[in-house]
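Novice: According to our numbering, numbering within the sequence shown proceeds without interruption in unit steps and concludes at 555.
No residue lacks a Cβ here, since even glycine has one placed at the ideal position from N, Cα and C.
Computed from a prediction, not measured in an experiment: that's the story for all the values here.
I'd like to ask some things about the structure below.
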Amino acid sequence: MNTLAPTTALDSTLADAVLELRDALDGSLHLSTDADWDAARTAWNLTVDQRPAAVVIAGSARDVVLTVNAARELGLRVAPQSTGHNAAPLGDLADTILLRTSSLRGVTIVPEAGTASCESGALWADVTAPAAAFGLAALAGSSADVGIAGYLLGGGVSWLARSHGLAVNHVTAIEIVTADGLLRRIDADHEPELFWAVRGGSGNFGIVTAIEMRLYPISEVYAGTLFFPLAEAGRVLQAWREWVVDVPEQVTSVGRILQFPPLPELPDFLRGQSYVVIEAALQAPPVDADAVLAPLRDLGPVIDTFHPTPMSELDQLHMDPQGPVPGVGDGFALSALTTEAVEAFVAAAGAGSGSALLSAEIRHVGGATGRAPLGAGVVSHFDAEFLVFGAGMAATPAMGTAVAASVERLAAALAPWRAEVLYQNFAEGTQEPGAIWGADLDRLRAIKVVYDPNNTIRSNHPVL
């Protein structure tokens with residue numbers, strides 16, 4: 092639903108009003124006629140060509156209020172964005188001010204309370220390092236340069252997920268500017284319906300300016316990767332499938348096929364090489380972790396990187412790219428991982444498949460991610476045991492087409508085992524809202540109408 096008339100360019104009246112907004116901001120406002128327009132509008136995923144009516148780079152929460160008020164009065168919409176990792180589903184932004192929170196990166200660690208208060212543009216690297224100085228850990232994503240807000244509002248699967256559940260369940264308060272221009276602090280006792288909706292409802296209900304979250308007294312884990320020749324993918328992933336059945340919830344792991352391009356910045360052992368790998372983080376002393384890992388090590392990895400790992404370095408484990416890249420990918424959930432499912436996965440992405448995917452992964456969740464804690468938000472758990480994600484580089488349109496076809500082939504191969512749940516942070520395309528929120532969609536829509544009756548606030552995964 093879009094109740095605002097779309098525009099393809101700012102007319103003179105709108106342009107004058109937008110320039111007035113520029114003069115009032117602590118941050119900056121950018122138009123298509125500005126020399127720095129491309130830098131301002133570019134998302135982390137470089138394949139996404141964002142062309143909004145204007146871009147505001149907020150310098151304060153006050154800027155967010157001013158931008159929302161101006162957009163509402165001008166008949167424009169507002170889309171919040173920090174890094175733009177999941178920007179593709181936003182679609183046409185011609186009637187929208189892209190409000191970037193990327194400059195709002197303040198983080199305050201309160202060690203005696205075991206909490207972090209973070210501005211919404213903070214990256215996980217901004218949180219994990221200062222938290223680690225106090226021996227505390229955040230339920231951070233697998234990449235250091237993912238923004239905290241989008242990750243948390245979509246659920247959040249960390250390397251501690253099986254023991255601690257989804258990261259969003261550990262959010263204790265949120266500061267948010269709603270469509271009426273009010274800056275609100277919401278929590279379990281203050282506007283609990285809105286607090287419920289925002290925790291898992293993506294960016295539909297307002298522009299988040301700050302998030303408070305719990306931290307945990309974990310200073311290090313035993314983490315690393317076992318590398319095997321790609322030709323061994325079937326044997327290794329079948330063994331991993333059997334292994335995860337009995338591992339404790341203090342173990343979170345990923346089975347993954349990697350095909351590295353011949354990029355000069357990659358180390359020799361990765362450049363142009365292909366592997367099947369098992370990544371894992373174990374909350375256990377080395378001697379106990381070694382015992383848990385023994386069945387996998389018995390498979391004969393060619394490289395074994397497991398070692399005691401400080402929590403501040405755990406974001407390097409998944410080898411995600413640091414900085415913007417052009418990529419195509421998508422993900423989904425599995426209700427079960429059978430022998431046949433592993434065979435289908437390897438046939439679609441392994442040796443001889445012709446896959447253009449740089450990475451095809453199966454992430455073991457279950458454990459605490461399958462339980463909804465008391466007082467949780469709309470997204471609190473998964474009715475699924477595994478998450479799948481496939482992605483590849485798309486430096487040219489032809490590469491993008493090939494990767495997209497490989498993603499579709501992977502999804503088709505695993506269709507018999509797909510779960511009904513959809514993890515929105517892994518959903519890179521436009522989705523039906525019911526696929527994400529299921530039976531809670533009507534309640535979310537009712538809350539949306541209360542706080543944003545004209546659908547001014549725009550999300551990458553909209554409820555309307």
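What first and last residue would you give for the alpha helix (DSSP H) that runs through Thr219?
Specialist: Stepping through the sequence shown from its first residue, residue 219 is reached at position 128. Unbroken alpha helix (DSSP H) run through Thr219: Trp215 to Ala223.
Novice: Determine, using beta-carbon pairs with one atom in the segment 237–247 and one in the segment 443–455, whether at least three such pairs fall under 8 Å.
Specialist: no
Novice: For Met304, which residues from the same chain have a beta carbon less than 6 Å from its beta carbon, with the 5 sequence-adjacent residues on both sides left out?
Specialist: Position 213 of the sequence shown, counted from the start, is the residue given in the question as residue 304. Ala207, His261 and Val262.
Novice: Would Glu266 and Ala301 qualify as a contact pair, given that the criterion is a beta-carbon distance under 7 Å?
Specialist: Here residue 266 is taken as the residue at index 175 of the sequence shown, counted from 1. Here residue 301 is taken as the residue at index 210 of the sequence shown, counted from 1. Yes, the Cβ-Cβ distance between Glu266 and Ala301 is below 7 Å.
Novice: Got a sec? Which residues, its chain only, sit under 7 Å from Val456 by beta carbon, not counting five neighbours each side?
Specialist: Looking up residue 456 in the sequence shown gives position 365. Cβ within range, chain order: Val248, Ala252, Arg253, Phe473, Ala475, Glu476, Phe477 and Leu478.
Novice: Can you say whether Leu465 is buried or exposed, counting buried as having 16 or more other CB atoms within 10 angstroms of its CB?
Specialist: Within the sequence shown, the letter at position 374 stands for residue 465. Exposed: under 16 other Cβ atoms inside 10 Å.
Novice: Note down the Cα distance separating Thr492 from Tyr307, rounded to an integer number of angstroms.
Specialist: Here residue 492 corresponds to residue number 401 of the sequence shown, with the count starting at 1. Here residue 307 corresponds to residue number 216 of the sequence shown, with the count starting at 1. If you take the alpha carbons of Thr492 and Tyr307, they lie about 43 Å apart.
Novice: Given that a residue counts as buried once 16 or more other Cβ atoms are within 10 Å of its Cβ, and exposed if not, what is Ala204?
Specialist: In the sequence shown, residue 204 corresponds to position 113, counting from 1. Exposed.
Novice: Could you check the C-alpha separation between Val554 and Lys539 for me, to the nearest Å?
Specialist: Walking along the sequence shown from the start, residue 554 turns up at place 463. Walking along the sequence shown from the start, residue 539 turns up at place 448. Looking at the two C-alpha atoms, the distance is approximately 8 Å.
Novice: Quick check on Glu523: does DSSP put it in helix, strand or coil?
Specialist: As a first step, residue 523 is located in the sequence shown; it is residue number 432 there, counting from the start. Coil.
Novice: If I follow the unbroken beta strand (DSSP E) through His121, where does it start and stop?
Specialist: On the sequence shown, position 30 is the one that residue 121 refers to. Ser119 to His121 is the extent of the beta strand (DSSP E) around His121.
Novice: Three-state secondary structure (DSSP) at Met484?
Specialist: If you number the sequence shown from 1, residue 484 lands on position 393. It is a strand residue.
Novice: Given 8 Å as the limit, is there contact between the segment 165–173 and the segment 121–131, that is, 3 or more CB pairs closer than that?
Specialist: no
Novice: For Thr460, which residues from the same chain have a beta carbon less than 8 Å from its beta carbon, with the 5 sequence-adjacent residues on both sides left out?
Specialist: Position 369 of the sequence shown holds residue 460. Only Val248, Ala252, Arg253, Gly256, Leu257, His472 and Phe473 meet the Cβ criterion.
Novice: Could you tell me the alpha carbon to alpha carbon distance between Val218 and Thr400, rounded to whole angstroms?
Specialist: Position 127 of the sequence shown, counting from 1, holds the residue named residue 218. Position 309 of the sequence shown, counting from 1, holds the residue named residue 400. Approximately 17 Å, taken between the alpha carbons.
Novice: For Val433, report the span of its alpha helix (DSSP H) as first-last.
Specialist: As a position in the sequence shown, residue 433 is number 342, starting the count at 1. Where Val433 is concerned, the enclosing alpha helix (DSSP H) stretches over Thr430 to Ala440.
Novice: By the three-class DSSP mapping on this structure, what secondary structure does Ile309 have?
Specialist: Position 218 of the sequence shown, counted from the first residue, corresponds to residue 309. Looking at Ile309 - three-state DSSP - the assignment turns out to be coil, as it is neither helix nor strand.
Novice: Among the candidates Ala427, Tyr542 and Leu110, whose CA atom is the shortest distance from the CA of Gly272?
Specialist: Taking the first residue of the sequence shown as 1, we reach residue 272 at position 181. Comparing Cα-Cα distances from Gly272 to each of Ala427, Tyr542 and Leu110, the minimum goes to Tyr542.
Novice: If I follow the unbroken beta strand (DSSP E) through Leu349, where does it start and stop?
Specialist: In the sequence shown, residue 349 corresponds to position 258, counting from 1. Taken as a continuous stretch (DSSP letters only), the beta strand (DSSP E) holding Leu349 covers Val342 to Gln350.
Novice: I'd like to confirm the pairing. Which residues does DSSP put opposite Ser365 in its beta bridges?
Specialist: As a first step, residue 365 is located in the sequence shown; it is residue number 274 there, counting from the start. Ser365 is bridged to Gln350.
Novice: Distance, Cα to Cα, Trp556 vs Pro507?
Specialist: Nothing about residue 556 can be read from this structure; the chain reaches only from 92 to 555.
Novice: Return the CA-CA distance between Val345 and Phe480, expressed in angstroms with no decimal places.
Specialist: If you number the sequence shown from 1, residue 345 lands on position 254. If you number the sequence shown from 1, residue 480 lands on position 389. Cα-Cα distance, rounded: 11 Å.
Novice: With Arg163 as the anchor, note down where its alpha helix (DSSP H) starts and where it stops.
Specialist: Position 72 of the sequence shown, counted from the first residue, corresponds to residue 163. Element bounds for Arg163: Ala152 to Leu165.
Novice: Where Gly212 and Phe225 are concerned, what is the direct C-alpha to C-alpha distance, given to the nearest angstrom?
Specialist: Mapped onto the sequence shown, residue 212 falls at position 121. Mapped onto the sequence shown, residue 225 falls at position 134. Computed Cα separation, rounded: 22 Å.
Novice: According to DSSP, Glu210 sits in a beta bridge with which residue or residues?
Specialist: Translated into the one-based positions of the sequence shown, residue 210 becomes position 119. Beta-bridge pairing links Glu210 to Ala301.
Novice: Please state whether DSSP places Glu111 in a helix, a strand or coil.
Specialist: Along the sequence shown, read from residue 1 onward, the residue named residue 111 stands at position 20. The answer is helix: DSSP assigns Glu111 an H, G or I state.
Novice: Taking the alpha-carbon of Gln522 as reference, which of Asp117, Ala115, Trp135 and Gly182 has the nearest alpha-carbon?
Specialist: Along the sequence shown, read from residue 1 onward, the residue named residue 522 stands at position 431. If we check each option's Cα against that of Gln522, Gly182 comes out closest.
Novice: Ends of the alpha helix (DSSP H) at Asp129?
Specialist: Translated into the one-based positions of the sequence shown, residue 129 becomes position 38. Here the alpha helix (DSSP H) through Asp129 covers Trp128 to Arg132.
Novice: Taking just the CA atoms, how far does Phe423 sit from Glu370?
Specialist: Walking along the sequence shown from the start, residue 370 turns up at place 279. Walking along the sequence shown from the start, residue 423 turns up at place 332. Glu370 and Phe423: Cα-Cα distance of roughly 19 Å.
Novice: Taking Cβ positions, are His121 and Ser293 nearer each other than 7 Å?
Specialist: Taking the sequence shown and counting its residues from 1, one reaches residue 121 at position 30. Taking the sequence shown and counting its residues from 1, one reaches residue 293 at position 202. Their beta carbons are not under 7 Å apart, which means His121 does not touch Ser293 by this criterion.
Novice: Would the beta-carbon of Ala149 fall within 7 Å of that of Val155?
Specialist: Position 58 of the sequence shown, counting from 1, holds the residue named residue 149. Position 64 of the sequence shown, counting from 1, holds the residue named residue 155. Contact flag set, yes.
Novice: Name the one or two DSSP bridge partners that Val498 has.
Specialist: As a first step, residue 498 must be located in the sequence shown, where it is residue number 407. According to DSSP, Val498 bridges with nothing at all.
Novice: Could you name the residues of the same chain whose beta carbon sits closer than 8 Å to that of Ser194, not counting the 5 residues immediately before and after it, in chain order?
Specialist: Position 103 of the sequence shown holds residue 194. Gly118, Ile148, Ala149, Gly150 and Gly212, listed in sequence order.
Novice: Per the contact definition of three or more C-beta pairs closer than 8 Å, is the segment 356–374 in contact with the segment 315–335?
Specialist: Touching, yes, given that three or more Cβ pairs across the two stretches are closer than 8 Å.
Novice: In the DSSP assignment, the alpha helix (DSSP H) including Asp379 goes from what residue to what residue?
Specialist: For the purposes of this step, residue 379 is identified with residue 288 of the sequence shown, where counting begins at 1. Per DSSP, Asp379 belongs to the alpha helix (DSSP H) from Pro377 to Arg388.
Novice: Can you give me the C-alpha to C-alpha distance between Leu244 and Asn295, rounded to a whole angstrom?
Specialist: As a first step, residue 244 is located in the sequence shown; it is residue number 153 there, counting from the start. As a first step, residue 295 is located in the sequence shown; it is residue number 204 there, counting from the start. Cα to Cα, the separation comes out at about 10 Å.
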